[in-house]
Each structure stands twice: as C-alpha cells, then as structure tokens.
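Q: Per our numbering, the sequence shown runs over residues 22 to 175. Pasting a structure below so you can have a look.
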Amino acid sequence: MMKGEVRQRARKRLDERLRALQPAENFRAPPKGWVRALRDALGMTGAQLGSRMGIRPQTVETIEKSEASGTIQLGTLRRAAEALDCTLVYALVPNTSLEIALNERARKIALRELQRVAHTMRLEAQGTNDADLESRVQAYIRDQLSERDLWSEK
Numbered sequence: 022m023m024k025g026e027v028r029q030r031a032r033k034r035l036d037e038r039l040r041a042l043q044p045a046e047n048f049r050a051p052p053k054g055w056v057r058a059l060r061d062a063l064g065m066t067g068a069q070l071g072s073r074m075g076i077r078p079q080t081v082e083t084i085e086k087s088e089a090s091g092t093i094q095l096g097t098l099r100r101a102a103e104a105l106d107c108t109l110v111y112a113l114v115p116n117t118s119l120e121i122a123l124n125e126r127a128r129k130i131a132l133r134e135l136q137r138v139a140h141t142m143r144l145e146a147q148g149t150n151d152a153d154l155e156s157r158v159q160a161y162i163r164d165q166l167s168e169r170d171l172w173s174e175k
C-alpha cells in the first residue's frame, strides 16, 4: 500500500473521531476555567482542592488564574482534574475536515503556480484558455504535488 493511501485512511479515521467534538465552541472553557467552574459546582473550597492535590491554597488560586489565562501546563491541569475526580481530555480540533484542508491547500498552490505559468505565457503571447482551468488544476495536483509539498512555505 502506498504512503499516500495510508495517510488518507489516517485522515479519515481522525476526521471521524474528531467529528464528535464539532462544533468546538461546545467545549470552550468557562470564563474562569474548568478547574474553578468544577470546584465551585462541587462546593469545594480552594483549600480543600489544595489538600487533595497536596499543594497550598494560594497555589490553587495560581493554577485557576493560569488556566483562565491559557498559560497552565497540561500536567498541572491533569493533576487538578484528577483531584476533582475528572479526566482531562485534550484534542486539537480542525476547523474543517483534514481531507478538505488538504484539498484546499493543494488547490491554492496549484492555482498560484498555474497563474504564474499563465502570466508568463500571456507575456509571450501564448495565452491559455480559462475554460480548462479546473482540469489543469487537478492535473497539477495529481502530477506535481505530494502531501508533504503542501506545507512548505514558498
């Protein structure tokens, strides 16, 4: 099996797993962070959470502030989750499917390169017809681009 096919199947599996997290807005942290929201909902004081985590109450406050500001370390967040009898779930959720992202990136590169060629040909009075643009884009993607080429900045 070719590497491209393996990656395509991997993208499909990831897309299926991550679909359950769409829209990602549903999982946005509360304004003061998950630790504070859960602790408050459970009626637990900072001192009680600190005791469960083996840290000072002031450190709990620091943890809650760092989560709210987005600077908390994952290991710290995991320890707080465990002390709250929770499981930390961590994911990067693509804004679109991975397959769509890949196809859009390939199309953007193909159009940029083909427009460069078309411009040169127009300068040489060898203009090309835009009617077959889509077929030329697909041929360029198929013949000139590999998945790895898509992410190099040019």
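Even glycine gets a Cβ: it sits at the ideal position worked out from N, Cα and C. Owing to the predicted nature of the structure, the values given are computational and were not obtained by experimental measurement.
1. So is G91 buried or exposed if we call it buried at 16+ other beta carbons inside 10 Å?
2. Along the alpha helix (DSSP H) that carries S87, what are the first and last residues, could you check?
3. Roughly how many angstroms lie between the CA atoms of Y111 and I121, to the nearest whole one?
4. Under the rule that 16 or more other beta-carbon atoms within 10 Å means buried, what is W55, buried or exposed?
5. Residue range of the alpha helix (DSSP H) that T97 falls in?
6. When you compare each of L105, S118, N116 and Q165 to A131 by their alpha carbons, which one comes out closest?
7. R77 to G71, Cα distance in whole Å?
8. Does the count of Cβ pairs from the region 31-48 and the region 62-69 closer than 8 angstroms reach three?
9. So the candidates are Q94, D170 and V114; which of them puts its Cα closest to the Cα of A127?
10. Which word fits A133, buried or exposed, when buried means at least 16 other C-beta atoms lie within 10 angstroms of its C-beta?
11. CA-CA distance, R32 and L59?
A: From the atom records:
1. Burial call: exposed.
2. Looking at the DSSP string, the run of the alpha helix (DSSP H) that includes S87 is P78 to S90.
3. Taking the straight line from one Cα to the other gives about 23 angstroms.
4. Its Cβ being crowded by 16 or more others within 10 Å, W55 is buried.
5. Counting along the chain, the alpha helix (DSSP H) containing T97 begins and ends at L95 to A104.
6. Nearest in C-alpha terms to A131, of all of L105, S118, N116 and Q165, is Q165.
7. Looking at the two C-alpha atoms, the distance is approximately 5 angstroms.
8. They do not touch, by the three-pair rule.
9. Considering only alpha carbons, the answer is D170.
10. Looking at the sequence shown, residue 133 is not Ala but Arg. With a 10 Å radius around the Cβ and a threshold of 16 neighbouring Cβ atoms, R133 comes out exposed.
11. Approximately 34 angstroms between the Cα atoms of the pair.
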